[in-house]
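Reviewing the structure listed below.
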Amino acid sequence: MPLREFADRLTDPAGALDELTSGDVSVRRWLAHGWQALPQEWGRDAERLAAGTGEGPFGLTEAAEALGCDERHAVRVVEALIDAGMVTSPCGEVTAHAAQYELPHLIRMYARGSGLGTPVLT
């Protein structure tokens, strides 16, 4: 397949994760396996962050708004998701209120579930 066609397929959020396969290795299946190992609440929290924070880094205020909670609870949720490897902090060590957080692109895509609000498990 020409590289241009493959690149075009990756721009489709509904099918991009399905394109990332090689033999019996699938990014979608790998993410699904990891997702199922999480406490259910963490998966829902990641879905809320993916739906409510837009692309790129977000701050604690945006996280609290997306999660529907106060900043004190939001920082605990974000820290739990960092420990689970679902959220990163691209700016390194800073205080929680000044920190920027980020959902890695593939995790964001999976959490958004092709725009349906729930992850698509296959």
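Using the working numbering, you'd call the opening residue of the sequence shown number 114 and step up by one each time. Every residue gets a Cβ at the ideal spot worked out from N, C-alpha and C, and that includes glycine. All values reported here derive from a predicted model rather than from experimental measurement.
Classification of residue i by the beta-carbon crowding that lies within 10 angstroms, buried from 16 upward
{"i": "Arg161", "result": "buried"}
{"i": "Asp137", "result": "exposed"}
Same chain, Cβ closer than 7 Å to residue i, five either side skipped, listed in chain order
{"i": "Glu178", "result": "Gly165"}
First and last residue of the uninterrupted alpha helix (DSSP H) at residue i
{"i": "Phe119", "result": "116-123"}
{"i": "Ala159", "result": "153-165"}
{"i": "Ala187", "result": "184-196"}
{"i": "Thr174", "result": "173-180"}
{"i": "Leu130", "result": "129-132"}
Three-state secondary structure assigned by DSSP to residue i
{"i": "Val233", "result": "Caution applies to Val233, whose pLDDT of 42 falls short of 50 and renders its modelled position unreliable; the model cannot decide the point."}
{"i": "Val138", "result": "strand"}
{"i": "Glu265", "result": "Here the chain covers residues 114 to 235 and nothing more, so residue 265 does not appear."}
8 Å CB neighbourhood of residue i in its chain, flanking five on each side removed
{"i": "Ala129", "result": "Arg122, Leu123, Met222"}
{"i": "Leu194", "result": "Trp155, Asp158, Ala159, Leu162, Val200"}
Close-in-space but distant-in-sequence residues of the same chain around residue i (CB under 6 Å, 5 per side omitted)
{"i": "Ala212", "result": "Ser202"}
Meets three-Cβ-pair contact criterion under 8 Å: the stretch 145-155 and the stretch 176-189: no
Within the chosen definition, does the stretch 189-203 reach the stretch 216-226 through at least 3 CB pairs nearer than 8 Å? yes
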